[in-house]
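Protein chains in written order, with the numbering used here: chain A, 108 to 319; chain B, 108 to 319. The beta-carbon is built from N, C-alpha and C at its ideal position, and this holds for glycine as well. Because the structure is a prediction, the values reported are computed rather than measured.
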């Protein structure tokens with residue numbers, strides 16, 4: 108049986124999944140990091156998160172941790188956009204945190220980039236559908252995660268290629284940043300709410316995606 | 108003991124609390140109504156909603172209905188902006204659905220407007236704080252609801268005058284419309300999640316508001 112195609116992101120209550128990038132201004136970078144840290148504050152203390160990024164022993168083991176681990180374990184392959192890859196290439200530890208094949212949608216021609224720990228980045232030059240096809244094949248009966256960023260997720264949503272998603276709603280107002288659903292094809296995309304897990308810090312909301 | 112100041116709105120998953128207004132185009136009006144109906148689809152079948160707007164007997168009686176009724180019952184007075192009042196003046200039935208004093212923030216000078224069923228609209232010309240003071244006094248130990256619209260709610264939030272809110276997250280993507288938190292003073296406003304009630308149709312998310 109083929110797996111599902113899903114995404115899973117943390118979103119502020121005003122709809123942002125990341126602060127705005129301002130590369131030229133060092134103050135803005137500090138602000139970026141402060142906002143990012145606040146948005147993601149639920150994730151950092153989790154045992155799974157700490158393990159997977161090799162930040163050390165210990166950590167919380169509750170529903171948030173279970174959800175983070177389940178999201179990882181269901182994922183047989185990921186797809187990401189070039190922007191997310193470029194940011195991650197700077198930020199991930201040498202053992203990139205995917206531990207599966209990752210298909211990067213890009214115009215750049217580049218040989219597969221194998222990292223210790225099982226992550227291999229493949230660079231796909233012919234668009235979002237071929238990248239997804241290759242990810243499905245690599246994932247086998249596990250699911251394919253559209254890892255990000257926002258623009259790439261939205262392309263897949265608007266193309267009708269996403270089966271479901273989980274939004275971790277963080278009780279934060281950011282005021283500005285990158286909106287998850289900016290430009291969504293609202294005439295085409297219908298949702299059905301299937302789950303909401305409220306934890307101490309956040310609410311994980313799961314919807315399936317349907318064509319109207 | 109003085110009551111709390113709160114708001115309670117239905118929001119799409121992409122952050123809109125109403126469709127965009129386009130008064131000049133009849134097609135756009137139909138679209139407005141279709142989007143509004145979809146956003147609010149959880150409310151219409153509820154017994155309390157039908158009772159309160161005199162739409163007839165019957166209706167659902169589950170958690171959604173309890174929440175709608177509790178929101179009504181806790182409210183000793185409401186505050187609203189002039190835009191919401193102008194829209195409502197056309198749309199509410201003769202027995203306006205508040206059944207309490209309502210303070211309208213407006214430049215218009217006008218005598219109190221008493222409706223059958225206990226709703227009296229008072230027109231307050233000296234800004235949001237005096238309107239809230241009068242509403243608090245009228246509400247006694249019940250709560251004051253900032254009824255809307257979005258811009259008025261945001262003024263109260265940014266002024267640090269809101270204690271808590273409930274957002275009913277409707278699993279809908281609207282793509283455009285009036286955003287609840289557009290222009291929020293994110294450097295000033297911090298939230299704490301206190302409750303999430305997932306029902307069959309929506310998730311009711313309650314946060315308290317704090318100053319950073």
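Only 276, 277, 278, 279, 280, 281, 282, 283, 286, 287, 288, 289, 290, 291, 292, 293, 294, 296 and 297 from the stretch 276-297 of chain A bring a Cβ to less than 9 Å from some Cβ of chain B. If you check the CB distance, residue 256 (chain B) and residue 188 (chain B) come in under 8 Å.
Distance check between residue 254 (chain A) and each of A:195, A:284 and A:232 places A:195 closest, using alpha-carbon atoms only. In the displayed model, residue 226 (chain A) falls within coil according to three-state DSSP, outside both helix and strand. In this chain, residue 114 (chain A) is not harboured by any alpha helix (DSSP H); it is covered by the beta strand (DSSP E) spanning 112-119.
In the structure shown, residue 157 (chain B) adopts helical secondary structure according to DSSP, grouped into three states. Residues of the stretch 129-143 of chain A whose Cβ lies closer than 9 Å to any Cβ of chain B, in chain order: 142. At a Cβ-Cβ threshold of 8 Å, residue 153 (chain B) and residue 171 (chain B) count as neighbours. With contacts defined as CB atoms closer than 8 Å, residue 121 (chain A) and residue 284 (chain B) fail to qualify as a contacting pair. With respect to the C-alpha of residue 158 (chain B), the residue from B:243, B:244, B:231 and B:175 having the closest C-alpha is B:175. The residues 273, 301 and 302, in chain order, have a CB closer than 6 Å to that of residue 313 (chain A) in the same chain once the five nearest residues on each side in sequence are set aside. Contact annotation: residue 296 (chain B) and residue 251 (chain B) have beta-carbon atoms that are not nearer than 8 Å. For a cut-off of 8 Å, the C-beta gap from residue 238 (chain B) to residue 210 (chain B) is around 4 Å, short enough to register as a contact. Under the DSSP assignment, residue 178 (chain B) falls in the alpha helix (DSSP H) whose first and last residues are 170-181.
In the three-state DSSP reduction, residue 143 (chain A) falls in the helix class (H, G or I).
Pairing residue 281 (chain B) with residue 119 (chain B) gives a Cβ-Cβ distance under 8 Å. One alpha carbon belongs to residue 136 (chain B), the other to residue 290 (chain B), and they sit about 26 Å apart.
As a beta-bridge residue in DSSP terms, residue 272 (chain B) pairs with B:114 and B:314. Secondary structure remark: continuous beta strand (DSSP E) runs of at least 3 residues inside the stretch 224-304 of chain B, in chain order: 227-231, 250-255 and 271-277. Contact with chain A is found for residue 120 (chain B), since one of that chain's Cβ atoms lies less than 8 Å from the residue's Cβ. Take the alpha-carbon of residue 127 (chain B) and the one of residue 142 (chain B): they are about 10 Å apart. Sorting B:305, B:243 and B:318 by C-alpha distance to the C-alpha of residue 184 (chain B) places B:243 at the top. Interface criterion not met: the Cβ of residue 226 (chain A) is under 8 Å from no Cβ in chain B.
Nearest CB-CB separation between residue 209 (chain A) and chain B: not below the 8 Å threshold. Residue 144 (chain A) and residue 275 (chain A) do not touch by the CB rule: their CB atoms are close to 15 Å apart, not below 8 Å. No Cβ of chain A is located within less than 8 Å of the beta carbon of residue 213 (chain B). For residue 268 (chain B), no chain A residue has a C-beta closer than 9 Å to its own C-beta; the minimum C-beta separation is roughly 16 Å. The criterion of a C-beta distance shorter than 8 Å is not satisfied by residue 228 (chain A) and residue 179 (chain A).
Nearest CB-CB separation between residue 300 (chain A) and chain B: below the 8 Å threshold. Cβ neighbours of residue 224 (chain A) within its own chain (closer than 6 Å, five residues either side excluded): 202 and 206.
Within a 10 Å sphere around the beta-carbon of residue 167 (chain A) sit 16 or more other beta-carbons, which makes this residue buried. In the three-state reduction of the DSSP assignment, residue 196 (chain B) falls in the helix class.
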